Each structure stands twice: as C-alpha cells, then as structure tokens.
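Data block below; observations after.
Chains as they are written, first to last, in this note's numbering: chain A, 8 to 317; chain B, 4 to 292.
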C-alpha cells in the first residue's frame with residue numbers, strides 16, 4: 008500500500024461520509040486545496056461553505072450550524088484554526104456545539120513554509136478545553152475510521168492531519184475505536200513509546216532499530232489524545248523501564264504532557280522522555296531535514312532513547 | 004437607505020410598551036439583587052427584545068428545542084438580564100428565578116449559556132462571536148428550506164471587533180435573507196463613548212457597502228421597531244441590518260447616557276430611586292391602556 012497523507016485520506020473519507028450523512032457539511036478558509044476539503048466540495052457543492060481568509064468567522068459559524076443539527080467540518084491549517092481560540096473556546100466548546108475542527112499541516116514535517124504555517128501548539132490548546140475530543144490518526148485507514156466516527160460523535164472535536172505522506176501502520180480491516188490506544192509493538196522491558204500521528208511509523212522504525220541493538224521497545228499508537236486511554240498508558244508504563252512520547256508538536260501541553268499527567272497521577276514512578284519540539288519554534292527546510300535536525304525521525308528517536316537507557 | 008415603512012397595526016403597541024415597562028423593573032430588581040451586572044445595555048435593548056419575543060418571533064416557551072423556532076442570539080451577551088426578563092415573561096422559566104441571576108448554581112449565568120438554560124441558543128459574552136453563530140443558524144435554515152428566521156443583536160462597541168466585519172462580509176455572499184441583525188446603538192462602552200473610544204461613523208454606509216439591507220430606526224419607538232422587523236423578514240436575497248438608535252440606561256433618569264452605568268449594578272438606595280421612576284412609568288402606561 009503506498010504511503011498517503013492523512014489530509015488526503017480525510018478529504019476522501021469526508022466525501023464518502025457525505026453520502027451517508029446528509030447533515031455533514033464542510034467549511035474552509037481559502038485552504039480547501041490544501042486541507043483537501045475540496046474533495047467534499049466538488050461532490051457536494053451546496054454543502055460546502057467557503058469563508059475566505061476569515062477563520063474566526065468560520066469557526067463561530069460552524070458553532071451555529073452545529074447547534075442547528077448540522078455536522079460541520081471546519082477546515083484550515085492546524086496553526087490557523089487553533090489560533091482562533093477565543094471562538095473555539097466560547098462559540099464551540101462552551102456552547103457544546105457538534106463542530107469538527109480539522110487542522111491539517113501538523114508540525115514541522117510540513118517543511119519549507121516554516122514556523123508560521125507549522126501547527127505546533129494546537130493539541131495543547133485543544134486539549135485544555137472541557138469536552139473537546141482530540142484525534143490524530145497515524146495512517147489513511149485510521150483517518151477514514153476517525154472521520155466516520157466523527158459523523159456521529161456528540162460534542163466538539165478536533166482532528167489533526169498531516170501534509171506529508173504516512174506509511175500505513177494498521178492492517179487491512181482496521182477498526183478505529185475512539186479513545187482506545189493501539190499496541191503496534193509489544194511493550195518491552197526497556198521502553199515503551201507512546202506516539203501519535205506522523206510519529207507513529209517513525210517510532211515503529213525506531214523500535215526496530217533498537218531491537219537490532221538488543222533493546223526491547225514497545226510502540227503504542229495514541230490516536231485519541233483526548234480523552235486519553237489512561238488505563239492502557241498506565242498499564243504499559245508499569246511494565247517497562249522508560250516511558251517515551253513522540254509527537255510532531257511542542258512537548259509542553261500535547262501528548263507528552265498528557266502521558267506525564269496520567270502516569271504521575273497513577274503513581275507510576277518511571278523516567279519519562281518526551282520527544283517533540285523542546286520549547287522551540289519551527290523553521291524552513293525539507294521535511295526530512297527538519298525531522299532529522301529536531302531528532303523526530305527514526306534515528307533521532309532511537310538515539311534519544313538509547314542515550315536515556317545508557 | 005430604507006426608512007421603516009408603516010405596516011404594523013398599532014393596536015398591539017400599548018400592550019408591548021406595558022410589558023417592557025414591567026420588564027425594566029425586573030431588570031433593575033435582578034441586577035440590584037445580584038449586586039453586579041450591566042444595566043445600561045440591558046435597558047437600551049429591552050424595547051427591541053420585547054417586540055421580538057412578544058410580537059415578531061415564532062417561538063414556543065414550552066418547546067425551546069422546536070426545530071422550526073425562530074432564533075435569537077444576543078451577541079452583546081452582557082445585556083442578558085434583558086433577555087432573561089423577556090424569557091421569564093414569556094414562560095421559559097418561573098419569574099422568581101430571575102432573582103438567582105449570577106448566583107452559584109443558577110441557570111441564569113452572568114452571560115448567556117445555552118447548556119444551562121433552555122431557550123438560550125448559544126454561549127456569548129466574548130464579543131464578536133454571536134453574529135457568526137447566528138449566521139450558521141441562518142445557513143442551516145436555508146439548507147432546510149427557510150423554515151425559521153434568525154435575529155441577532157449586536158452592540159456598537161462590539162462592532163469594533165474584527166469578527167463582526169468578517170460576518171458582515173460573508174452573510175450577503177450566502178444571501179442570508181433568513182438573518183436579521185439589530186445594532187443596539189447606545190454609544191456607550193466601558194472606557195467611554197463609542198464615538199470617542201473608537202468611532203464607527205458612518206456605520207450605515209459601512210453596512211450598505213457590505214451589501215446589507217439597512218433600516219434606520221429609533222430603538223425605543225415601537226412602531227418603527229415592529230415595522231423594521233417586518234420589513235427585514237420580507238426582504239429577499241440578502242440580510243438586513245436594523246440600525247437602532249438607543250439610549251443607554253433608557254428609562255432611569257440618572258442612568259441615561261451615563262457610561263458609569265455600563266457595568267455597575269445599583270446599590271439598594273439607587274435601586275429604590277430607579278424602581279420608583281420605573282414603577283411610575285409602568286403605572287402611567289397601565290392606566291392609559
């Protein structure tokens with residue numbers, strides 16, 4: 008199966024779901040070609056709403072649609088949609104509207120456009136809001152499952168997708184289960200990596216690299232960052248030496264923080280390595296160069312884990 | 004610019020004026036009891052809200068989730084005491100609950116909360132959002148063959164928010180004749196007069212330039228309010244903005260046009276003085292009807 012960007016999988020899945028769910032709508036703010044909401048727009052032109060470069064208006068309008076029985080998917084880059092936090096906080100979250108905010112172009116892996124277009128704080132912002140679900144799929148199958156799930160989810164939700172193509176990590180016939188962690192490599196005695204989105208496949212590769220060096224490292228895919236599958240996280244943490252998180256996001260407030268909170272609250276005394284952007288801005292460069300520079304590629308993940316286990 | 008044409012039969016006006024006079028008393032009583040809140044903008048809005056809830060809107064207090072109900076979104080959420088007053092009068096909840104305003108565990112939160120109180124359509128209070136929310140509802144109405152109309156009240160101070168102009172730009176694009184905006188132009192905001200803090204003039208020309216149907220009225224003249232609302236409903240192909248000139252603190256002599264009364268509740272002594280005036284106004288109207 009060729010690698011596929013989760014934004015592409017999102018666009019195709021939404022267009023497919025549009026047939027089954029007449030109340031599903033799409034909205035965009037001049038990025039439909041990039042977020043891939045255009046796939047839905049072409050199929051259902053009367054159910055697509057273009058807002059131009061005015062994300063705040065789009066987000067609150069989505070809230071009004073959600074409060075009127077519609078299921079709007081409001082799309083933009085992760086950085087731009089999450090930056091309309093005031094609108095998300097009051098119009099969407101506090102009003103408990105059935106809005107699906109879709110942030111594409113997650114993380115530094117978008118590459119050359121640089122930090123202003125790289126969503127690196129969006130998960131932290133979304134996770135802070137009461138009742139906001141946060142989902143970051145790791146491949147096309149998971150994206151399709153998440154989109155299907157979101158067509159009937161109650162309450163507001165955030166879906167984070169990638170610009171870059173992702174290798175498939177799940178098997179054919181994969182069933183997305185909201186809020187449930189997915190074990191991809193069994194928890195080893197040395198370490199377990201909790202990874203999300205584009206970092207999942209890279210973490211699997213890192214675990215394989217470490218395996219060759221005699222280290223036993225598990226990988227668990229956290230596609231639902233909120234609500235976190237705390238039970239699975241705590242259980243895996245108890246069975247290993249080093250807890251690792253991997254995300255293309257700031258280590259503060261995102262998956263790394265979520266896992267830290269879960270294991271600390273459960274009293275699991277384990278060392279913790281949070282892999283991600285370490286209180287740093289993104290920058291320009293090719294996706295591969297950026298992931299390597301910030302040690303978010305497979306060799307970088309493996310190196311950081313090895314250093315901690317030395 | 005369109006000027007409101009007389010289409011309303013005036014027979015219902017004394018009834019509406021009497022209701023609003025009574026609700027002004029409720030507003031002052033609940034704010035005095037709460038000890039905080041926004042009298043100025045509640046009193047400037049109450050005549051328009053009375054016309055909406057007791058003449059113009061199709062709604063059923065017994066079925067606040069009726070899918071085809073007309074919607075009202077108070078974008079200037081701080082004036083919610085006025086909305087609570089009309090809602091209690093209409094029967095959405097018992098009148099005595101008004102005295103729980105802003106108290107712990109009350110459904111009458113300091114700013115509107117839809118999950119707390121049936122009949123409130125959305126959370127507002129962060130200024131600038133409500134018009135976009137109302138726009139979403141108006142789009143939903145159009146998708147469902149125009150089953151309901153959406154009314155949204157914004158403030159003139161609130162119109163300094165950029166989001167108001169984003170929505171002003173988009174609603175005509177979507178041809179939202181299911182949407183009517185009412186601008187409660189009371190010229191007051193926390194830091195002073197709107198004309199000094201950040202002037203908006205010429206406000207009507209701005210909305211017209213965004214392709215809205217603009218109707219200018221006196222927001223305390225019932226004939227003009229009712230006529231404008233009917234005209235707005237009859238306008239096809241684009242949304243309407245009713246530019247309502249209002250008086251902040253209207254009805255209480257020492258509050259009228261006084262910036263200090265934007266967000267300060269009257270103390271017991273001030274409340275008594277205000278209530279004496281309002282009760283006299285109510286008695287005059289009741290006697291005359």
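Where is the CB? At the ideal position from N, CA and C, for every residue including glycine. None of these values were measured; they are calculated from a predicted model.
- Residue 16/B and residue 93/B have their C-alpha atoms roughly 17 Å apart.
- DSSP places residue 230/B in the helix class (H, G or I) of the three-state scheme.
- Residues of the stretch 129-153 of chain B whose Cβ lies closer than 7 Å to any Cβ of chain A, in chain order: 129, 132, 135, 136, 137, 138, 139, 140, 142, 143.
- The alpha-carbon separation between residue 175/A and residue 126/A amounts to approximately 22 Å.
- Within the same chain, and ignoring the five residues on either side of residue 108/A in sequence, the residues whose Cβ sits closer than 6 Å to its Cβ are 81, 88, 165.
- When DSSP assignments are scanned along the stretch 172-217 of chain A, the uninterrupted stretches of beta strand (DSSP E) that are 3 or more residues long and fall wholly within it turn out to be 189-192, 198-202.
- In the displayed model, residue 86/A falls within a helix according to three-state DSSP.
- Proximity of the stretch 267-279 of chain A to the stretch 249-259 of chain A meets the contact definition, three or more beta-carbon pairs being nearer than 8 Å.
- Judged by their CB atoms, residue 129/B and residue 97/A are nearer to each other than the 8 Å cut-off.
- Chain B places no beta carbon closer than 8 Å to that of residue 25/A, leaving this residue out of the contacts.
- Annotation for residue 257/A: the continuous beta strand (DSSP E) segment containing it runs 249-257.
- One Cα belongs to residue 218/A, the other to residue 124/A, and the distance between them is close to 36 Å.
- For residue 219/B and residue 69/A, the gap between their C-alpha atoms comes out near 30 Å.
- Taking one beta carbon from each stretch, the stretch 115-124 of chain B and the stretch 189-198 of chain B have fewer than 3 pairs nearer than 8 Å; the two do not touch.
- Excluding five sequence positions before and after residue 13/B, the CB atoms of its chain that fall closer than 7 Å to its own CB belong to 226, given in chain order.
- Annotation: residue 222/B to residue 127/B spans about 22 Å, alpha carbon to alpha carbon.
- At the C-beta level, residue 145/A and residue 230/A come within 8 Å of one another.
- Listed in chain order, the positions of the stretch 102-117 of chain B with a beta carbon within less than 8 Å of a beta carbon of chain A are 116, 117.
- An exposed status is given to residue 190/A, since fewer than 16 other beta-carbon atoms sit within 10 Å of its beta-carbon.
- Listed by position along chain A, the residues whose Cβ is nearer than 9 Å to that of residue 70/B are 75, 76.
- DSSP, read as helix, strand or coil, puts residue 63/B in coil.
- DSSP places residue 97/A in the helix class (H, G or I) of the three-state scheme.
- If the five residues before and after residue 49/A are omitted, its C-beta is found closer than 7 Å to no C-beta atom of its own chain.
- Against chain A, the beta carbon of residue 161/B has no neighbour under 9 Å; the closest one sits roughly 13 Å away.
- Looking at the backbone, the Cα of residue 143/A and that of residue 188/A are separated by about 12 Å.
- In the DSSP annotation of this structure, the continuous segment of the beta strand (DSSP E) that includes residue 226/A starts and ends at 224-228.
- Residue 249/B is positioned such that its CB atom lies closer than 8 Å to that of residue 187/B.
- At the C-beta level, residue 61/B and residue 73/B come within 8 Å of one another.
- Membership of residue 247/B in any alpha helix (DSSP H) is not indicated; the residue belongs instead to the beta strand (DSSP E) covering 243-248.
- Under the Cβ distance rule, residue 166/B counts among the residues neighbouring chain A, one pair being separated by less than 8 Å.
- Within chain B, the residues 126, 127, 128, 129, 132 have their CB atoms less than 8 Å from the CB of residue 97/A, given in chain order.
- Under the 8 Å criterion on CB atoms, residue 170/B is classed as interfacial with respect to chain A.
- Taking the C-beta atoms as reference points, residue 204/A is found no nearer than 8 Å to residue 183/A.
- Between residue 278/B and residue 32/B, the C-beta gap is smaller than 8 Å, which places the two residues in contact.
- Between residue 167/B and residue 131/B, the beta carbon gap of about 6 Å places them in contact (Cβ cut-off 8 Å).
- Residue 123/B sits in coil when the DSSP states are folded into three classes, being neither helix nor strand.
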